[in-house]
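Just add 906 to the spot in the sequence shown (first one is 1) and you have my numbering. Even for Gly, the Cβ is constructed at its ideal location relative to N, Cα and C. What follows is a single structure, written as structure tokens, with notes after it.
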Amino acid sequence: MAPPPAQPFSLFKTLTSSKAPQDYPVAELIKRLLLVVGHEICSPLYSRNILSSYQVVSTARDILDHIQQITIAEDSSESDAWASFEQYIELIEPTETRVPSIILLLELLPVAEKETSRQHEPDDSNGVDGYVAWVGNWQTTRDAVKTALTGLTNIITAQHDDFLRAQNSSLPQLDIQTLRQQDDKSYIQTLFIPDELAQFRRSQKVGTLPSEILKSFKRIDIRYDNETTVVWYTKLAMMLNAIYRLASKKISGGQDDAVPIFQRRLTNIPKIWTSAKDLVDAVQQLVVNEKLEVSHVELKWKALVDALKEISPITPPNYAEIVKLIRDIRRPFYGQAVALVKLFRVLATHFGRKENCTNPEMLSSLQAAMEELKKSLESASTKIATAIMATDLPDDTRAEIEAQFGQAEKVLEECFESFKPESEELTKWQTQISQAKAADKKRVEEFKTRIQSKTYVDSPGSDSTTIEVLVQQSANANPSSFTYTVKTDMRMSALLWRVAQDNPQAIAKATFKSLQEPKKVIGMDAQVKTPHLKKFGESSQFRKAISPSGEGKSSLKVSRILLKLVRARYTSKKFKSKLSAGKDSRPSKNTYGFQERTEQELSKTQRQRDVKKAKGAGRVTIEICHAGV
């Protein structure tokens, strides 16, 4: 028997597509939220609580279909108009009783967005705090999915019979508890896959305790039908995973050269693993005795987190946020903003030193200074942007910005006094900030008196004619031609600058010549409308006369003529007779600037090289003509 044909499957459409033949605006909000939440949950990046989340979207879709089915049935009523009206408006109440489904989807949306934004992975850059937040995010997501699923299911349960009749459904209902248990099992399995675990097991520097902890953890006979034990068992698995990751993570930048942090502080390792072992035992006791107080497990959890923080380097703030804000600051606050950021950099550098980077008090002080500076920069950027010109700021707005910068300066000075960085004096920085403020004020005054009175924003006016100019140049063996649209009063120096955009070599050694008068050099101060430049097209012979300079295969017309003369001299009977008579044995300079040689000695390549020398190697000849008005 042949297998049934494959059926197309789209997860997003399967979960979100309505089965009702018609949609009514009364349920439009539920439909919109269903599509948005479904988009996040169906993302490949959504990797936790998957089955439960699918059921949430599917259940919300079923409720939406139920509302539409009732509305359609009422809309097709054959009773009189008033009766139909009464029946229809009565649907508003049962629809409104399902409004909690909207709230549930709204609460689930930000959770799903965090999951798809990679927040299901630990933030390695933030040390132990990043892993603690990672565990917290998992629990928040799990609780949100559970709440949404329970709430939507209760809506269906309240009108179970009516719901099934309206849906005409005989499909088996998925067990919610089974879905959630499967999600928990699947996630726990992923926590012990990283290579760091296998590498760390082979390490002999920490004894056998890590392996014993793993064995004890795997011996825990977890029951997935107990909510409390499942949560703590999963949190334990995540924290053990964090320990192994941190133990294998390389750290550099002011610390010992790229060594695992546990190996950097060997004396603290027993405390870490002892705390981990105590937490495993506490969870084991909770699984065996479900009546045990959870507070006992919470104490062991806190002890392990504190032990990890003792040996972990403190992650400094993201200084790049401050640097980026400077881009949006204009006068009259640019100078002092730069001075304050430079002062903050001194403090950040001092904190980054090996003896300071693990000091939580210094970190707290630095973070406070950074937040105050960041607040002043953001405020200045926003308020300055509202003015057309920086000098147009109202007095009250200017005073607000100055007050905020003053507060930031005060906090930075307090941080400076606390840090006491070597080779730095606070009075020096206070002077620099004062000078920056004075420079800001001076620049604004100069702007008002010298610049603001000007109104031009376009190119200078010109009454000259716009024409097309054909430029042919040859700086190497490949001549090139370009056509430019310019004003007739443009200087040759400006035209040269434009030509150099296409050929940078032209700017070094350039000579302007007219194709009509090739022997006459045009000065750089001359204008394009110079009378001796013949307009293109006036003479049928002129176009034929255009011949770009070059060498090799693209030799000049003039160069080819010169080469013919050289060949004629070398091959003349008179020259050969001199050679046969033994006269003129020493090569002499001829009138063309070449040494006389035998025809055999003068290869084609050599003759071309001589021609190049005669014409002036390295020079760029720019021949121009008017291509049209």
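DSSP on residue i, reduced to helix/strand/coil?
i: F1418; result: strand
i: S1122; result: helix
i: L1077; result: Because L1077 carries a pLDDT of 44, less than 50, the predicted location of this residue cannot be relied on, and no value is offered for it.
i: K1425; result: coil
i: R967; result: helix
i: E1444; result: Because E1444 sits at a pLDDT of 37, beneath the cut-off of 50, its placement in the model cannot be relied upon, and the following sentence gives the value as read from the coordinates. In this structure, E1444 counts as coil in the three-state DSSP scheme.
i: V1137; result: helix
i: K1435; result: coil
i: T1337; result: helix
i: R1548; result: The structure shown has nothing for residue 1548, since the chain only spans 907 to 1535.
i: T1391; result: strand
i: R954; result: coil
i: T1288; result: helix
i: T1372; result: strand
i: R1129; result: coil
i: F1481; result: The predicted position of F1481 is uncertain, since its pLDDT is 44 and thus under 50; a value taken from the coordinates is nonetheless stated next. If DSSP states are grouped into helix, strand and coil, F1481 belongs with the helices.
Roughly how far, in whole angstroms, is the beta-carbon of residue i from the beta-carbon of residue j, given that I think they are within contact range, below 8 Å?
i: L1192; j: K1206; result: Contact flag wrong, Cβ pair sits at about 10 Å.
i: K1183; j: A1213; result: 12 Å between Cβ atoms; not a contact.
i: A933; j: I973; result: 5 Å
i: E1319; j: K1280; result: Their Cβ separation, rounded to whole angstroms, is 17 Å, which puts E1319 and K1280 out of contact at 8 Å.
i: L1272; j: A1243; result: Rounded, the Cβ-Cβ distance is 18 Å, inconsistent with contact.
i: K1058; j: L1012; result: For the sequence presented, residue 1058 should be read as Leu rather than Lys. Their Cβ separation, rounded to whole angstroms, is 13 Å, which puts L1058 and L1012 out of contact at 8 Å.
i: M1398; j: A1344; result: The Cβ separation is near 45 Å, so there is no contact.
i: M1145; j: W1044; result: 11 Å between Cβ atoms; not a contact.
i: F906; j: I1307; result: Absent from the structure is residue 906, since the part of the chain shown begins at 907 and ends at 1535.
i: S1597; j: L970; result: As displayed, the chain neither begins before 907 nor continues past 1535, which places residue 1597 out of reach and without an answer.
Might you give, ordered along the chain, the residues of its own chain that have their beta carbon closer than 7 Å to the beta carbon of residue i, omitting 5 neighbours on each side?
i: N955; result: T1047, R1048, V1051, D1089
i: A1274; result: V1317
i: N1132; result: E1196
i: A1245; result: Q1338, I1339, A1342
i: T922; result: L940, L941, G944, V963, R967
i: S1324; result: S1271
i: A1314; result: L1246, E1278, L1279, S1282
i: V1189; result: I1126, W1138, Y1139, L1142, V1203
Within the same chain, show all residues whose beta-carbon is closer than 6 Å to that of residue i, passing over the 5 residues directly before and after it, in chain order.
i: Q1447; result: In this prediction, Q1447 has a pLDDT of 33, which is less than 50 and means its spatial position is unreliable; nothing more can be read from the coordinates.
i: S958; result: V1051, L1055, L1085, R1086, D1089
i: Y1037; result: P1028, A1148
i: R1349; result: R1237
i: P1016; result: none
i: T1303; result: K1289
i: G1241; result: A1342, A1345, D1346
i: T965; result: L1058
Do residue i and residue j have their C-beta atoms within less than 9 Å of each other?
i: V1375; j: S1387; result: no
i: E1118; j: E1019; result: no
i: I1373; j: V1392; result: yes
i: D1395; j: V1434; result: yes
i: L1231; j: L1283; result: yes
i: D929; j: K919; result: no
i: I1061; j: S1023; result: no
i: F1322; j: E1330; result: yes
i: S1287; j: I1235; result: yes
i: I1128; j: T1134; result: no
i: E1021; j: Y952; result: yes
Within the continuous alpha helix (DSSP H) that includes residue i, where are the two ends?
i: I947; result: 934 to 947
i: P1086; result: Before going on, a small fix: residue 1086 reads as Arg here, not Pro. Taken as a continuous stretch (DSSP letters only), the alpha helix (DSSP H) holding R1086 covers 1082 to 1096.
i: Q856; result: No answer is possible for residue 856: it lies beyond the span of the chain, which begins at 907 and ends at 1535.
i: S1324; result: 1301 to 1325
i: A1400; result: 1398 to 1408
Should residue i be listed as close to the ligand ATP, given that the test is whether its C-beta is under 8 Å from any heavy atom?
i: K925; result: With respect to small molecules bound, the structure shown includes none, and the ligand ATP cannot be examined in it.
Could you pull out every residue in the same chain whose Cβ sits closer than 8 Å to the Cβ of residue i, ignoring the five residues on either side in sequence?
i: A1209; result: S1181, D1184, L1185
i: Q961; result: L1055, L1080, I1082, L1085
i: L1402; result: A1412, I1413, A1416, F1418, M1430, I1528
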